[in-house]
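Participant:
Numbering (the working numbering), first residue to last: 2 to 109.
1) Going by the beta-carbon positions, is the gap between residue 80 and residue 53 smaller than 9 Å?
2) Shortest alpha-carbon distance to residue 98 belongs to which of 73, 12, 21 and 5?
3) Taking just the CA atoms, how far does residue 77 sit from residue 50?
4) Contact check, residue 5 vs residue 88 under 8 Å by CB: the rounded distance?
5) For residue 84, does the count of other Cβ atoms within 10 angstroms reach 16, so buried, or fall short, so exposed?
6) For residue 110, which of helix, strand or coil comes out of DSSP?
Listed below in structure tokens is the structure:
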């Protein structure tokens, strides 16, 4: 799981570039009802991947490890499996996203 979260963060930076000074990455999820929610609004078991990736992108490895440790301690094996599948689906989607291979250079 740690490898997947690290890979997700690496792909985001490779595709979008690092966050600039005073900037941060944001993950928003659109529900089936069309509502947009942030990673922090998702139930703990549903937002672990997003919160882990955001923590990695922010350079907060302790927060990322806390999310990953919570996923490992999840007593329900179906939830643990769903978390792993979620990470794989996110990685697949990011790798297939139609974005430039490298971020655009900042305006001069």
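For each residue, glycine too, the CB sits at the ideal point set by N, CA and C.
Facilitator: Let me spell this out:
1) no
2) 12
3) 16 Å
4) 4 Å
5) buried
6) Shown here, the chain extends from 2 to 109; a query on residue 110 therefore has no answer.
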